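Numbering (the numbering used here), first residue to last: 65 to 587.
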Amino acid sequence: MLIVFTHSTVISTSSSSSLSEGALAGIVLGAIAGAVALSAVVSLLILRGRMKNYQAVSKSRCRVIVHWIVRRRKDAKKDQLNADDIMRNFGSAAPKRYTYSDVKRLTNSFKNKIGQGGYGAVYKGKLPDGRIVAVKVLSESKGNGEDFVNEVASISQTSHVNVVALLGFCYQKSKRAIIYEFLSNGSLDKFIDAKESSATHLDRKTMFKIAIGVARGLAYLHRGCRTRILHFDIKPQNILLDEEMCPKISDFGLAKLCKTKESIVSMMGIRGTVGYIAPEVFSRNFGGVSHKSDVYSYGMLVLEMVGERKISNNGVSHSSEMYFPRGIYRKLEQGERFGTFEDTTEEEEDMVKKMIIVSLWCIQTIPLDRPSMDRVIEMLEGTLQSLQVPPKPFLDSPANLPLDSSNSSVNISHQSGKIFSVIDGRMGSYPFECVAKFVTLALKCCQDEPDSRPSMAEVVRELENIWHMMPESDIKMADPLVSDVEKVMTPPSSSSTWKNPFVSSDASGSNLDSGVNPTIMPR
């Protein structure tokens, strides 16, 4: 009885334990399956919400892009219509318009590059009628298409034997180009730089012919056009020569169409090339910018033609002699020969002297003192005896001073005697000799060539000389607490030599006192 009871109890207990484990496993599995299902549903809902947001953003972005594209197309179409209207206003006188594909075809995919200027590259091309042309592809155009077409159309109205003819243009969105007549002899600079034995060397009669031709072209741009055109960049590279050595002015009007490169000159708002820019372009103290600025550049060009001013010469290219060729006056006074020509006739010598005297009038410092281009032509075509040598347009100064774009206005003011125009007005007025020596010293320290700069020992000696020139009332101590030293600042009344305690007489500077610096008291 006991055994049966115990067996039944064991069997009953074992069966109950087995059911509990199965139910537990089912519950666990069900819970896991539910959690997975719930996670999947939540993830699906989140993903669906994100997809809706993404689709909304994408639709918004697409609308913005589409709107931008449509607006650009409308603006381009409007620009196109405006350009067409401008061309129609000029009638038969309007320049021919080419597509960019036409330009590529004319230049054989820009195969033959013949030049590179400040406004873009120049390629040789051929029109369908067989004419050879020069195609200038503008690298950085500015302004809208209407302004560009307006300016090109205005340029195309110029017609003069000494001005390059514009034959057509390309305007296709950002692709812009100008098509000129091709001049086989290229630019004037290669003839100026040529040696006398070279085939490209200019004889004096040809040189004189070119000078008069350029003068006539400039006079036409200044007074003969419907609208006065100021070039602002007259230089040998912008004077082109045809097969008969007839000069033609190029690149006029492009300053309004193109961005200038980021140089010191362009950042100062100045147009032109250093070495040919008139003083008033750098500083309004010399006068206003006008057509007389082109006259100045012309004078510098002619001086270079006759060999009295070499921009390419390393010894002169950064000196005051480049702007103010003082040696010319000495040659005129002493009757010396000009240039490197040996066998010349009296007529040819007179031509050169006329060119030099006229150019000296053109480079006068004050614009009002320069002749107009019409007057320049009269002087060149007149007799040498009727010309007077103009006064020197500057005060004599130490040679070989630097004249790069960063200190050119200071140097020009120094050369012309208007030193106080570049001095801070808060400094007051000081003796001209002291200021002149101080500016001269500063300019010497700015020489491009390190070997041309003075040593610091030389700077100290020069400052000591300037210090001795200063009036006693202009000298005070920087530190008012140093009362004992103030007594030393007053030169003794005796005839003995006064020694400045703050400037060492030792060239090495080893005896310089430290901590106390002399200053100049503003008046």
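Glycine residues also receive a C-beta, built at the ideal position from the N, C-alpha and C atoms. Every value quoted in this text rests on a predicted model; they were computed, and no experiment measured them.
Using a 10 Å radius around the Cβ and a threshold of 16 neighbouring Cβ atoms, would you call residue i buried or exposed?
i: Ser84; result: exposed
i: Gly90; result: exposed
i: Arg280; result: buried
i: Val345; result: buried
i: Gly86; result: exposed
i: Leu432; result: exposed
i: Pro495; result: exposed
i: Arg434; result: buried
i: Ala275; result: buried
i: Val128; result: exposed
i: Lys325; result: Low confidence applies here, because Lys325 scores a pLDDT of 47, under 50, leaving its location unreliable; read the following figure in that light. Exposed, since its Cβ has fewer than 16 Cβ neighbours within 10 Å.
i: Asn378; result: The predicted position of Asn378 is uncertain, since its pLDDT is 40 and thus under 50; a value taken from the coordinates is nonetheless stated next. Exposed, by the Cβ-count rule.
i: Ala342; result: buried
i: Ile110; result: exposed
i: Asp193; result: exposed
i: Lys356; result: buried
i: Gly184; result: buried
i: Ala283; result: buried
i: Pro300; result: buried
i: Ser383; result: Note that Ser383 scores 46 on pLDDT, short of 50, meaning its location in the model is unreliable; the coordinates nonetheless yield the value given after this. Classification of Ser383: buried, given that the 10 Å Cβ count is 16 or more.
i: Lys418; result: buried
i: Glu368; result: buried
i: Met115; result: exposed
i: Ile328; result: Confidence in Ile328 is poor, its pLDDT being 37 and thus under 50, which makes the residue's placement unreliable; the coordinate value appears in the next sentence. By the neighbour-count rule (16 or more Cβ atoms within 10 Å), Ile328 is not buried but exposed.
i: Arg268; result: buried
i: Lys168; result: buried
i: Val422; result: buried
i: Ile298; result: buried
i: Ser314; result: buried
i: Leu285; result: buried
i: Ser173; result: exposed
i: Gly352; result: exposed
i: Val213; result: buried
Please name the residue, chosen from the options, that lies closest to residue i on a Cα-to-Cα basis.
i: Ser165; options: Gly179, Lys239, Gly113 and Val197; result: Lys239
i: Val453; options: Gln428, Glu442 and Tyr187; result: Gln428
i: Thr337; options: Cys289, Leu396 and Gly181; result: Gly181
i: Val199; options: Leu282, Ile133, Ala241 and Lys299; result: Ala241
i: Leu18; options: Val225, Phe246 and Lys237; result: Outside the displayed span of the chain (65 to 587) sits residue 18, for which this structure offers no information.
i: Leu505; options: Ile530, Tyr340 and Thr264; result: Ile530
i: Leu396; options: Lys356, Thr409, Leu451 and Asn349; result: Leu451
i: Ala595; options: Val201, Ser203 and Tyr235; result: Residue 595 is absent from the model: the chain starts at 65 and stops at 587.
i: Tyr362; options: Ser107, Asp438 and Arg161; result: Asp438
i: Ile303; options: Lys269, Val227, Tyr244 and Lys237; result: Val227
i: Asn424; options: Glu400, Thr408, Glu410 and Val370; result: Per the sequence presented here, residue 424 reads as Leu, with Asn not at that position. If we check each option's Cα against that of Leu424, Val370 comes out closest.
i: Cys310; options: Glu442, Gly250 and Ser347; result: Gly250
i: Asp257; options: Ile178, Leu365, Glu210 and Phe233; result: Leu365
i: Pro535; options: Ile430, Gln511, Glu497 and Pro514; result: Glu497
i: Gly277; options: Val106, Arg112, Lys312 and Glu412; result: Lys312
i: Leu305; options: Glu411, Val225, Glu412 and Pro514; result: Val225
i: Arg195; options: Thr447, Ile243, Tyr360 and Ser203; result: Ile243
According to DSSP, what are the bridge partners of residue i?
i: Ala185; result: Gln180 and Val201
i: Pro311; result: Leu305
i: Val227; result: Ile313
i: Gly232; result: Lys160 and Ile243
i: Ser251; result: Leu304
i: Lys190; result: Ile196
Please work out which residues of its chain come closer than 6 Å, Cβ to Cβ, to residue i, disregarding the five sequence neighbours upstream and downstream, and give them in chain order.
i: Leu266; result: Phe255
i: Gly189; result: Leu170, Thr171, Val197 and Val199
i: Phe272; result: Met415
i: Asp253; result: Pro300 and Gln301
i: His295; result: Phe316 and Asp358
i: Arg287; result: none
i: Tyr162; result: Gly232 and Cys234
Return the chain-ordered list of same chain residues with a C-beta closer than 8 Å to the C-beta of residue i, the five sequence neighbours on each side being excluded.
i: Cys509; result: Arg517, Pro518 and Val523
i: Ser27; result: Residue numbering for the chain in the displayed model covers 65 to 587; residue 27 lies beyond these limits and cannot be assessed.
i: Lys501; result: Glu526, Asn529, Ile530 and Met533
Closer than 7 Å by C-beta to residue i: which residues in its own chain qualify, once you throw out the five before and the five after it? Chain order, please.
i: Tyr393; result: Lys456
i: Ile430; result: Phe350 and Gly351
Item to check | 4-residue-minimum alpha helix (DSSP H) runs that sit fully inside the segment 400-429, ordered along the chain | outcome: Qualifying alpha helix (DSSP H) stretches, in chain order: 410-426.
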